[in-house]
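As structure tokens, the structure follows; a few thoughts come after it.
There are 4 protein chains.
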Amino acid sequence: MSHQATLDHKLALSLLESFNAQGTLMAWDARLTSITPGACEISLPYSASVSQQHGYFHGGVIGAIADSAGGYAANTLLMPVSECLTAEYKINIVAPGAGDTLIARGKVLKAGKNLVVSSAEVFVVDKGQEKLCAIMQQTLFVIPKAESRI
Amino acid sequence: MSHQATLDHKLALSLLESFNAQGTLMAWDARLTSITPGACEISLPYSASVSQQHGYFHGGVIGAIADSAGGYAANTLLMPVSECLTAEYKINIVAPGAGDTLIARGKVLKAGKNLVVSSAEVFVVDKGQEKLCAIMQQTLFVIPKAESRI
Amino acid sequence: MSHQATLDHKLALSLLESFNAQGTLMAWDARLTSITPGACEISLPYSASVSQQHGYFHGGVIGAIADSAGGYAANTLLMPVSECLTAEYKINIVAPGAGDTLIARGKVLKAGKNLVVSSAEVFVVDKGQEKLCAIMQQTLFVIPKAESRI
Amino acid sequence: MSHQATLDHKLALSLLESFNAQGTLMAWDARLTSITPGACEISLPYSASVSQQHGYFHGGVIGAIADSAGGYAANTLLMPVSECLTAEYKINIVAPGAGDTLIARGKVLKAGKNLVVSSAEVFVVDKGQEKLCAIMQQTLFVIPKAESRI
Numbered sequence: 002m003s004h005q006a007t008l009d010h011k012l013a014l015s016l017l018e019s020f021n022a023q024g025t026l027m028a029w030d031a032r033l034t035s036i037t038p039g040a041c042e043i044s045l046p047y048s049a050s051v052s053q054q055h056g057y058f059h060g061g062v063i064g065a066i067a068d069s070a071g072g073y074a075a076n077t078l079l080m081p082v083s084e085c086l087t088a089e090y091k092i093n094i095v096a097p098g099a100g101d102t103l104i105a106r107g108k109v110l111k112a113g114k115n116l117v118v119s120s121a122e123v124f125v126v127d128k129g130q131e132k133l134c135a136i137m138q139q140t141l142f143v144i145p146k147a148e149s150r151i
Numbered sequence: 002m003s004h005q006a007t008l009d010h011k012l013a014l015s016l017l018e019s020f021n022a023q024g025t026l027m028a029w030d031a032r033l034t035s036i037t038p039g040a041c042e043i044s045l046p047y048s049a050s051v052s053q054q055h056g057y058f059h060g061g062v063i064g065a066i067a068d069s070a071g072g073y074a075a076n077t078l079l080m081p082v083s084e085c086l087t088a089e090y091k092i093n094i095v096a097p098g099a100g101d102t103l104i105a106r107g108k109v110l111k112a113g114k115n116l117v118v119s120s121a122e123v124f125v126v127d128k129g130q131e132k133l134c135a136i137m138q139q140t141l142f143v144i145p146k147a148e149s150r151i
Numbered sequence: 002m003s004h005q006a007t008l009d010h011k012l013a014l015s016l017l018e019s020f021n022a023q024g025t026l027m028a029w030d031a032r033l034t035s036i037t038p039g040a041c042e043i044s045l046p047y048s049a050s051v052s053q054q055h056g057y058f059h060g061g062v063i064g065a066i067a068d069s070a071g072g073y074a075a076n077t078l079l080m081p082v083s084e085c086l087t088a089e090y091k092i093n094i095v096a097p098g099a100g101d102t103l104i105a106r107g108k109v110l111k112a113g114k115n116l117v118v119s120s121a122e123v124f125v126v127d128k129g130q131e132k133l134c135a136i137m138q139q140t141l142f143v144i145p146k147a148e149s150r151i
Numbered sequence: 002m003s004h005q006a007t008l009d010h011k012l013a014l015s016l017l018e019s020f021n022a023q024g025t026l027m028a029w030d031a032r033l034t035s036i037t038p039g040a041c042e043i044s045l046p047y048s049a050s051v052s053q054q055h056g057y058f059h060g061g062v063i064g065a066i067a068d069s070a071g072g073y074a075a076n077t078l079l080m081p082v083s084e085c086l087t088a089e090y091k092i093n094i095v096a097p098g099a100g101d102t103l104i105a106r107g108k109v110l111k112a113g114k115n116l117v118v119s120s121a122e123v124f125v126v127d128k129g130q131e132k133l134c135a136i137m138q139q140t141l142f143v144i145p146k147a148e149s150r151i
């Protein structure tokens, strides 16, 4: 039981250390708001730094947050021993990113030894209402975890 | 001939005005480095704001720049009358984004009345050498151009 | 009430007529096994005509059945007035297609005036057990329904 | 030099044996019309077995042929020692498959130890004129070649 607690603690530290080392996500003030085995939620507040020409969240930002949510969902099953890099992703934007917050929820569909397949749904929150904004599918490949800086 | 020149000037202004209104690209210091009918090149210097945990360009940023290059390639055929929004894109990252500059070259493959299909290649420049980093396919839908702010 | 029944009957006839006119699906002996508004299930028995070199369902067949399931899910909302054509799809194969039957379940995620976004899950049935085999995302565009042959 | 010829002969045999073992492609009368290192061309005659409801090539068939062309392009670099399975593919259909022959040309963009990324262009030939019909991107994973049946 205490072993499990130690493992979970190491995993959580490893995930947060990795997330906080992502300059792109830090510059946007993105937050890791939920982690469970095989799943991950990231939220992103609206700002000029994530906007497109009409004042909505940029499609490329929506893709980047979905990519990150799927990747960290995979990392919950891989870290602290291994981690993953994105091989490819595909995103359909089904509604404009009009709102004050993006919430991306990623989950693992298949965890293989070398490849992980994840998906994510992205919601945009406007006046407290969540609306489906985008869906993503993704392939990640597993690599040994680079040495921790902690 | 002078009519054509006027049209080109309006088109170029319209493209630049739209590009410069994209807060995401401005925050990254992305530049529109080439425009020809049906094609577009964007370059992006490396900075902490576009990095991932290993110090490379973030996969989501690579996707966002490819998405933008394909979209502005489409806009060269649509503006100033119409413009496009991203319906979907898919990107394969074929090499780590390790270098000082990303260059994304987008081109239109099919321009329909309602839909445009574009593709893009993304190169990473390291010590002056361009290396293929990612390939993208994309569907855009055409909307009337929102009123200019100029 | 009788008006509604007539409408549903016309819709069902329209869907079946279209499905049965797809030579590819007929040659494979694919069946439309469930239709509800915005959703569709197709099942496909294994045969040499849908196999690859190891005796599994061919990856291209898995994609074709997923594409069809997403398309007919959209058609439940469009026919008999309109119908749809595939603009693009993307499929991740997460397990080999090893079994005696493929079951593809498509559903509509967003139905717009000109574009519909669908997704599908494909399961392979082996000794009575369903196993997730593939996931798909897709964009369809809406066209007026060609005149019925009935 | 004679060693190289022997190797090429073994590779060609291995490719043809694998292609001819694909029941799906055989049922359609698909042909491997060109092979060079890292590239492959497949052609497919129109028939009821590859049609959709309007008498064009079925979108799922277009995807299956593109998938096969990308896969055999990869196999030219892998066989007879290894071979590949499709992890995922994404296809944009840019024009209806209206014509008498489909020609898919696949090529390898990146050949890694475990993953290969390929792309393909699909053309439809109508009255002797080739027209771009679809574009595809794909990820394949490398596996040891199953024992030859020859």
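Chains A, B, C and D are the protein sequences, given in the same order. So the number in the working numbering is just where the residue sits in the first sequence, counting from 1, plus 1. So the number in the working numbering is just where the residue sits in the second sequence, counting from 1, plus 1. So the number in the working numbering is just where the residue sits in the third sequence, counting from 1, plus 1. So the number in the working numbering is just where the residue sits in the fourth sequence, counting from 1, plus 1. For every residue, glycine included, the Cβ atom is placed at its ideal position computed from N, Cα and C. Bear in mind that the values here come from a model prediction, so they are computed numbers and not experimental data.
- The beta carbons of D:N115 and A:N76 sit about 19 Å from each other, so the pair does not count as a contact at 8 Å.
- Under a criterion of Cβ atoms nearer than 9 Å, the residues of chain A adjacent to C:L110 are, in order, N93, V95, L133 and I136.
- Following the DSSP letters along the chain, one finds D:G107 inside the beta strand (DSSP E) bounded by residues T102 to A112.
- Using a Cβ-Cβ cut-off of 9 Å, C:T140 counts as an interface residue toward chain A, since at least one Cβ of chain A sits closer than that to its own.
- Excluding the 5 residues flanking it on each side, C:G71 has same chain C-beta neighbours closer than 6 Å at G107, S119, A121 and Q139, in chain order.
- Judged by DSSP secondary structure, C:S69 falls within the alpha helix (DSSP H) whose first and last residues are G60 to L79.
- Cβ-Cβ separation between C:P38 and C:L78: approximately 7 Å, consistent with a contact (criterion under 8 Å).
- Within 10 angstroms of the beta-carbon of C:Q23 lie 16 or more other beta-carbons, which makes it buried.
- Against chain A, the beta carbon of B:T87 has neighbours under 7 Å at G60 and I94, listed in chain order.
- Beta bridge pairing from DSSP links D:V51 with no other residue.
- The beta carbon of C:L116 falls within 9 Å of a beta carbon belonging to chain B, placing the residue at that interface.
- Distance from D:A67 to D:I92 at the Cβ level is roughly 6 Å; contact confirmed, criterion being Cβ atoms closer than 8 Å.
- Of the other Cβ atoms in all chains shown, fewer than 16 fall within 10 Å of the Cβ of C:A49; this residue is therefore exposed.
- With fewer than 16 neighbouring CB atoms inside 10 Å of its own CB, A:E131 falls in the exposed class.
- Taking a 10 Å sphere around the C-beta of C:H59, we find 16 or more other C-beta atoms and assign the residue as buried.
- By the Cβ-count criterion, D:G56 is exposed, with fewer than 16 other Cβ atoms from all chains shown falling within 10 Å of its own Cβ.
- Residue nearest to C:L17 within the set C:D127, C:V126, C:A105 and C:E84 is C:E84 (criterion: CA-CA distance).
- Taking 9 Å as the cut-off, the Cβ atoms of B:V51 and A:T87 do not count as close.
- The beta-carbon of B:M27 is placed less than 9 Å from the nearest beta-carbon of chain A.
- Sequence-distant Cβ neighbours of A:S15 in its own chain, meaning closer than 6 Å and more than five residues away, are M80 and P81.
- The shortest C-alpha to C-alpha distance from B:L33 to any of B:A65, B:Y73, B:H10 and B:K11 is the one to B:Y73.
- Chain order gives the chain B residues near D:S120 as I136, where near means a beta carbon separation below 7 Å.
- With a threshold of 9 Å between beta carbons, A:V143 makes no contact with chain B.
- Of the other Cβ atoms in all chains shown, 16 or more fall within 10 Å of the Cβ of C:G64; this residue is therefore buried.
- Short of 7 Å from the beta carbon of A:V126, and not among the five residues preceding or following it, lie these beta carbons of its own chain, in chain order: G100, D101, T102 and I104.
- Around the CB of B:I144, fewer than 16 other CB atoms lie within 10 Å, so the residue is classed as exposed.
- In this model, B:Q53 and B:L110 are separated by some 31 Å (Cα to Cα).
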